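Have a look at the structure below before the remarks.
2 protein chains.
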Amino acid sequence: MSVTAARGFLASGISAGIKDSGAPDLALVVNRGPSCAAAGVFTANRVQAAPVRWSRRVLAGGQLAAVVLNSGGANACTGPAGERDAQAMAARTARALGVRAEEVAVCSTGLIGVPLPMDRVTAGIDTAAGALSAEGGEAAARAVKTTDSVHKTAQVTEQGWTVGGMAKGAGMLAPGLATMLVVLTTDAAADAALLDTALRAAVRTTFDRVDSDGCMSTNDTVLLLSSAASGLVPEAAAFTEAVHTVCLDLARQLVADAEGASKEIEIRVLGAAGEADAEEVGRAISRNNLLKCALHGEDPNWGRVLSAIGTTSARFDPDRLDVAINGVWVCRDGMAGEPREKADLTPRHLTLTVDLRTGEDSAVLWTNDLTADYVHENSAYSS
Amino acid sequence: MSVTAARGFLASGISAGIKDSGAPDLALVVNRGPSCAAAGVFTANRVQAAPVRWSRRVLAGGQLAAVVLNSGGANACTGPAGERDAQAMAARTARALGVRAEEVAVCSTGLIGVPLPMDRVTAGIDTAAGALSAEGGEAAARAVKTTDSVHKTAQVTEQGWTVGGMAKGAGMLAPGLATMLVVLTTDAAADAALLDTALRAAVRTTFDRVDSDGCMSTNDTVLLLSSAASGLVPEAAAFTEAVHTVCLDLARQLVADAEGASKEIEIRVLGAAGEADAEEVGRAISRNNLLKCALHGEDPNWGRVLSAIGTTSARFDPDRLDVAINGVWVCRDGMAGEPREKADLTPRHLTLTVDLRTGEDSAVLWTNDLTADYVHENSAYSS
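Those sequence lines, one after another, are chains A and B.
Counting from 1, position 244 in the first sequence corresponds to residue 234 in my numbering; the numbering is continuous, with no gaps.
Counting from 1, position 312 in the second sequence corresponds to residue 302 in my numbering; the numbering is continuous, with no gaps.
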């Protein structure tokens, strides 16, 4: 049920003709209230798309009545005209819904550097407004797909309230944030402050720890809207946990659907002298092309894990590093441990465990293998 | 002529049986003097192979009588036994040549985590010592190849003195240093201090700016040995320039032969407010898998260049970035410039120019495209 799993929300997804293929490419998510509290997290990339600049600005007030999203064009690196286009999308949506433009967030995804076909976009917004329904969550999730092979939705229902959401993203997946658009909704009566706290906490250990290809997008946006339609004020910890669960579910769906991937790799870094150390080590491993090729080839090449760890500033002793692949400790004390042949790398899901043996902290990251299909998908045409 | 282009040096390369294929895998470079001054630069990876630890230690005195090198095994992550093996290689070489073990550097390359077959290595050292000749430079260069498709040598002759050298490296090419072994020799009468100064200056803008796949090796070593056999004391600037020329020649050969590469990409970052900014931007671009796939597909996807620049901390205004591909300014002021169709990406050599328009500093880096062949070469077998 995606963004319409929670009460108080309408959504739609339609084909506006932005994509040449005729596939769905425009979505609306509308908050019918009574509350319009919202929070958002945006890409850390310093080159930011016009819709990111717009949405960041309108979200400063902690209120959103609607989100308009399009695939088929990122509206990034499009200059002053792109800024006007993002604003025009908000204005047209606001007019169709009877709200103010400053209550409408805008999200775009697709090729960088190409202007949007605004005549089609504005006509599409009107069509999408006419198609809004309380069952529109799935259609909205489909309309934001780019190279995604499947649409991604998740939801959690707690004592009387729900957190649901949708995500898109298949390439340019890297931290701060991954390349993606995510809209989460809830009918819990959470104010903007709680939404912000819960969202930041959840993103930090989910979307921010997905690193498919080390490439950071110009358009990443994660929004969380509350309608308060349940009338129930959630306990903060339970609400944060629910948001985390939905984010984690969506984040793992992103990794599972990463471009060309044949393996989903969970990197568990243990025994770190600080969470930052664990995260740095996990990130270095997740970005190591040579290792990701080896895992694609089902080769338990732990030497490439150690060479990746060695590039970090984390605290460790090279002669006390342990590495397990799918539970087999192929490296002990920085050298060969159990026979590498014992590690079975044939499953799609692989777990790589690193024990730094210097402390008690840990972090989990998710990545995938590097495949010829990834190269093909990102070289054969512009995306 | 490689390492034997300069007078006073002997070299050899033989098959010791370390590689199953029977290909050459052991090389010696011997300095006959009268001087034995030497300098070295080693990997910045904190996981360092036993031969790197050994060579770093013996080079502290600024003197080297010989270098023994093997391919077919990195002797990295091999624990205390690996340390003993590296020392045994130096000791055996020293005995065969009548020098002290503390005057012998050791370099190894190949798979990480596997012990060397020391019986074959020691027998091979004796064979190599018997094969030493003043024409042995090419044979030595061939014996250090791993996945290299060709051996790499370079030389420069100035007023009466020569700098020559050999390099190996085809994957795990990344800064600090690239994955490689390099031995340079000169018959100029340069003392250890000048050798060190010239080598560090040269490496900083050559090998340290090669970034093939963002992966940093455990075994990188660059050595420079002087025999002083010319009897000529070089002018420091001319000597530094000659070392730089040889390093640049070898560095570009490394990029040209990078695993699976179909494009050699020169990244020129101009208009930076500091060389460090220029280098950081160049490095971010050189590591962007999505861009490297696009260039492989001959797609002038400048949006991926901007998204890479945006991940750096360099000083720039996103709305004033210019990007040219092979001389066509496809991005001006952070948005589409000349028609992207005008950029011809069919040549093997591509030049990507970024003008940050914030200062006067610049840097040049070299990388290559990301190809299905790279994935195949690094997934089909251990290396």
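Ideal Cβ placement from N, Cα and C applies to all residues, glycine included.
Note that the structure is a prediction, hence the values are computed from the model and not measured.
So which residues on chain A does residue 299 of chain B lean against when the C-beta distance must stay under 7 Å?
The count along the second sequence starts at 1 and reaches residue 299 of chain B at position 309. In chain order: 37.
Output yes if chain B places a C-beta closer than 9 Å to the C-beta of residue 108 of chain A; else output no.
Here residue 108 of chain A is taken as the residue at index 118 of the first sequence, counted from 1. No - not a single Cβ of chain B is within 9 Å of the one on residue 108 of chain A.
Is there a Cβ from chain A that is less than 9 Å from the Cβ of residue 292 of chain B?
Mapped onto the second sequence, residue 292 of chain B falls at position 302. Yes, residue 292 of chain B lies at the interface with chain A (some Cβ there is under 9 Å from its Cβ).
Contact with chain B by residue 208 of chain A, beta-carbon distance below 9 Å
For the purposes of this step, residue 208 of chain A is taken as residue 218 along the first sequence, with counting starting at 1. Closer than 9 Å to some Cβ of chain B, the Cβ of residue 208 of chain A qualifies, so yes.
According to DSSP, residue 79 of chain B sits in a beta bridge with which residue or residues?
As a first step, residue 79 of chain B must be located in the second sequence, where it is residue number 89. Residue 79 of chain B is not bridged to any residue.
Run through chain A and tell me which residues come within less than 7 Å of residue 361 of chain B, C-beta to C-beta.
Residue numbering aside, residue 361 of chain B sits at position 371 when the second sequence is read from its first letter. Under the 7 Å cutoff, chain A gives 365.
Any non-hydrogen atom of the ligand NAD closer than 8 Å to residue 7 of chain A Cβ
What this structure holds is no ligand at all, so the ligand NAD is not there to describe.
So, is residue 266 of chain A buried or exposed, given that buried needs 16 or more other C-beta atoms within 10 angstroms?
Here the question's residue 266 of chain A lines up with position 276 in the first sequence. The residue is exposed, with fewer than 16 neighbouring Cβ atoms inside 10 Å.
Do we get a CB-CB distance below 9 Å when we pair residue 325 of chain B with the residues of chain A?
Locating residue 325 of chain B in the second sequence gives position 335, where the first residue counts as 1. At least one chain A Cβ lies under 9 Å of residue 325 of chain B.
Less than 9 Å between CB atoms is the rule here; does residue 116 of chain A satisfy it with respect to chain B?
By 1-based counting over the first sequence, the position of residue 116 of chain A is 126. Answer no: the Cβ-Cβ gap between residue 116 of chain A and chain B never drops below 9 Å.
Quick check on the DSSP output: what are the complete alpha helix (DSSP H) runs of length 4 or more inside the stretch 31 to 97 of chain B, in order along the chain?
40 to 48, 69 to 87
Kindly indicate which three-state DSSP category residue 304 of chain B falls into: helix, strand or coil?
Numbered from its first residue, the second sequence carries residue 304 of chain B at position 314. The answer is coil: DSSP assigns residue 304 of chain B none of H, G, I, E or B.
Applying the 10 Å Cβ sphere with the 16-neighbour rule, what's the burial state of residue 139 of chain B?
As a first step, residue 139 of chain B is located in the second sequence; it is residue number 149 there, counting from the start. Residue environment: residue 139 of chain B is assigned as exposed (fewer than 16 neighbouring CB atoms within 10 Å of its CB, all protein chains considered).
For residue 5 of chain A and residue 79 of chain A, what's the separation of their Cα atoms in angstroms?
Here residue 5 of chain A refers to the residue found at position 15 of the first sequence. Here residue 79 of chain A refers to the residue found at position 89 of the first sequence. Their Cα atoms are separated by approximately 16 Å.
When B/77, B/288, B/198 are compared against residue 44 of chain B, the one with the closest alpha-carbon:
The sequence position of residue 44 of chain B within the second sequence is 54, counting from 1. Ranking B/77, B/288, B/198 by Cα distance to residue 44 of chain B puts B/77 first.
Please confirm if the stretch 11 to 21 of chain B is in contact with the stretch 319 to 332 of chain A, defined as three or more CB-CB distances below 8 Å between the two stretches.
In this structure the stretch 11 to 21 of chain B does not lie against the stretch 319 to 332 of chain A, because fewer than three pairs of beta carbons, one per stretch, are closer than 8 Å.
DSSP three-state call for residue 158 of chain B: helix, strand or coil?
Locating residue 158 of chain B in the second sequence gives position 168, counting from the first residue. DSSP places residue 158 of chain B in strand when its eight states are reduced to three.
Would you call the stretch 282 to 302 of chain A and the stretch 256 to 274 of chain A touching, i.e. three or more CB-CB distances under 8 Å?
yes
How would you call residue 337 of chain A, buried or exposed, if buried means at least 16 neighbouring beta carbons within 10 angstroms?
As a working mapping, residue 337 of chain A is identified with position 347 in the first sequence. Of the residues assessed, residue 337 of chain A falls on the exposed side of the cut-off, its CB having fewer than 16 other CB atoms within 10 angstroms.
Along the stretch 252 to 278 of chain B, what residues have a CB closer than 8 Å to any CB found in chain A?
277, 278
On the DSSP bridge assignment, give the partners of residue 145 of chain A in chain order.
As a first step, residue 145 of chain A is located in the first sequence; it is residue number 155 there, counting from the start. Looking at the DSSP assignment, residue 145 of chain A forms a beta bridge with A/154.
Cβ-Cβ distance between residue 259 of chain A and residue 237 of chain A below 9 Å
If you number the first sequence from 1, residue 259 of chain A lands on position 269. If you number the first sequence from 1, residue 237 of chain A lands on position 247. No, the pair does not count as a contact, with Cβ atoms beyond the cut-off.
In chain order, which continuous runs of the alpha helix (DSSP H) of length 4 or greater are located wholly inside the stretch 173 to 236 of chain B?
182 to 194
So is residue 104 of chain B in contact with chain A if we call contact Cβ pairs under 9 Å?
Position 114 of the second sequence holds residue 104 of chain B. Closer than 9 Å: yes.
Checking 9 Å against the spacing of the C-beta atoms, do residue 64 of chain B and residue 39 of chain B come in under that value?
For the purposes of this step, residue 64 of chain B is identified with residue 74 of the second sequence, where counting begins at 1. For the purposes of this step, residue 39 of chain B is identified with residue 49 of the second sequence, where counting begins at 1. For residue 64 of chain B and residue 39 of chain B, yes; Cβs fall inside 9 Å.
Could you tell me which chain B residues have their CB closer than 7 Å to the CB of residue 284 of chain A, listed as they occur along the chain?
Position 294 of the first sequence holds residue 284 of chain A. The contact set of residue 284 of chain A on chain B, defined by CB atoms closer than 7 Å, consists of 368, 369 in chain order.
According to DSSP, which residues form a beta bridge with residue 314 of chain A?
Translated into the one-based positions of the first sequence, residue 314 of chain A becomes position 324. Its beta-bridge partners are A/343.
Within 9 Å of any Cβ in chain B, is that where the Cβ of residue 247 of chain A sits?
The sequence position of residue 247 of chain A within the first sequence is 257, counting from 1. So, not an interface residue.
Rounded C-alpha distance that separates residue 353 of chain B from residue 281 of chain B:
In the second sequence, residue 353 of chain B corresponds to position 363, counting from 1. In the second sequence, residue 281 of chain B corresponds to position 291, counting from 1. Their backbone Cα atoms lie some 19 Å apart in a straight line.
Given a threshold of 16 other Cβ atoms within 10 Å of its Cβ, counted over all protein chains shown, does residue 345 of chain B qualify as buried or as exposed?
Indexing the second sequence from 1 puts residue 345 of chain B at position 355. Classification of residue 345 of chain B: buried, given that the 10 Å Cβ count is 16 or more.
Provide the residue(s) that pair with residue 356 of chain B in DSSP beta bridges, ordered along the chain.
Working through the second sequence from its first residue, we reach residue 356 of chain B at position 366. B/200, B/256.
Under a three-way DSSP split, which group does residue 348 of chain A fall into?
Against the first sequence, residue 348 of chain A aligns to sequence position 358. Residue 348 of chain A falls in the coil class under three-state DSSP.
May I ask you to list, following chain order, the residues of the stretch 62 to 87 of chain B that have a beta carbon less than 7 Å from some beta carbon of chain A?
66, 67, 68, 69
Does any residue of chain B have a CB that is nearer than 9 Å to the CB of residue 162 of chain A?
Locating residue 162 of chain A in the first sequence gives position 172, where the first residue counts as 1. Model confidence at residue 162 of chain A stands at a pLDDT of 45, short of 50, so the residue's coordinates are unreliable and nothing is read from them.
According to DSSP, is residue -6 of chain A helix, strand or coil?
Here residue -6 of chain A refers to the residue found at position 4 of the first sequence. Looking at residue -6 of chain A - three-state DSSP - the assignment turns out to be helix.
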